[in-house]
Amino acid sequence: MAIVFLSDDPLQDVGELGARLQDPERGALVTFSGTVRGSTRGRRVTHLEYEAYRPLAEKQLRAIAEEAGERWGVTCAIAHRLGKVAVGERSITIAVASAHRAEAFEACRWLMDSLKTTVPIWKKEHFDGGAQWIEGSDTVPSPSSSTHNS
1 MAIVFLSDDP LQDVGELGAR LQDPERGALV TFSGTVRGST RGRRVTHLEY
51 EAYRPLAEKQ LRAIAEEAGE RWGVTCAIAH RLGKVAVGER SITIAVASAH
101 RAEAFEACRW LMDSLKTTVP IWKKEHFDGG AQWIEGSDTV PSPSSSTHNS
């Protein structure tokens, strides 16, 4: 089972997302919640802006959640925010349920790392004096100026 969604509205509490995975056979629940920091690389961040190609992003989120299920025998829920996200607000929430904690921790970390490298969600940092598109620790071209081959 995998629950994945993109939201233009504030994300639900991580506990609520985890509750959707309740199963008497799964004794471990690991959650991760990423919030917008107030500064990065020495600059004060005012907010982040996320854009996505929704059909492909949702497909990729589901694919990595299902892969985690196959690899670790876990169930997953992934919620990612789109649009303007203020400092202190959640941008990503992941919940992983498993029979044992080791698999849940491993799968949760893998999901976050995989999401950042495979899901077409773009992040733009807005800071005092400007804005910049970001991918991981590197800057990237704006999604609107990128050339995509079909």
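Read in the UniProt record's numbering, the sequence shown has 104 at position 104, and its numbers run on one by one without any break.
Beta carbons: idealized from backbone N, C-alpha and C, even for Gly.
For Ala77, the first and last residue of its enclosing beta strand (DSSP E):
Position 77 of the sequence shown, counted from the start, is the residue given in the question as residue 77. 75–81 is the span of the beta strand (DSSP E), which, as asked, contains Ala77.
Between which two residues does the alpha helix (DSSP H) containing Ala19 stretch?
In the sequence shown, counting from the first residue as 1, residue 19 sits at position 19. Start and end: 14–19.
Let me know if His148 comes out buried or exposed under the rule of 16 or more other beta-carbons within 10 Å of its beta-carbon.
Position 148 of the sequence shown, counted from the first residue, corresponds to residue 148. In this predicted model, His148 has a pLDDT of only 34, less than 50, meaning its place in the structure is not dependable; the value taken from the coordinates is given anyway. Flag for His148 reads exposed.
Rounded to whole angstroms, what is the Cα-Cα separation between Ser144 and His47?
Translated into the one-based positions of the sequence shown, residue 144 becomes position 144. Translated into the one-based positions of the sequence shown, residue 47 becomes position 47. Residue placement at Ser144 is flagged as unreliable, the pLDDT there being 44, under the threshold of 50; a coordinate-derived value is accordingly withheld.
Under the assumption that Gly73 contacts Ala57 (Cβ atoms under 8 Å), give the Cβ distance between them as a whole number of angstroms.
Here the question's residue 73 lines up with position 73 in the sequence shown. Here the question's residue 57 lines up with position 57 in the sequence shown. That pair is no contact at about 25 Å.
Using the rule of at least 16 other Cβ atoms within 10 Å of the residue's Cβ for burial, across every protein chain shown, is Ala104 buried or exposed?
Taking the first residue of the sequence shown as 1, we reach residue 104 at position 104. By the 10 Å Cβ count, Ala104 comes out buried.
Express the C-alpha separation of Gly130 and Ala52 in angstroms, rounding to a whole number.
Your numbering for residue 52 matches position 52 in the sequence shown. Your numbering for residue 130 matches position 130 in the sequence shown. Taking the straight line from one Cα to the other gives about 21 Å.
Per DSSP, what are the beta-bridge partners of Trp110 in this structure?
Translated into positions along the sequence shown, residue 110 becomes position 110. In the DSSP output, where bridge partners are listed per residue, Trp110 has none listed.
Excluding the five sequence neighbours on either side, which residues of its own chain have a C-beta within less than 8 Å of the C-beta of Val45, listed in chain order?
Here residue 45 is taken as the residue at index 45 of the sequence shown, counted from 1. Correct list, in chain order: Val36, Arg37, Gly38, Ser39, Val87, Glu125, His126, Phe127.
Is the beta carbon of Tyr50 less than 9 Å from the beta carbon of Val85?
As a first step, residue 50 must be located in the sequence shown, where it is residue number 50. As a first step, residue 85 must be located in the sequence shown, where it is residue number 85. Contact: yes.
According to DSSP, residues forming a beta bridge with His47:
Residue 47 sits at position 47 when you count from the first residue of the sequence shown. His47 pairs with Ala86, His126.
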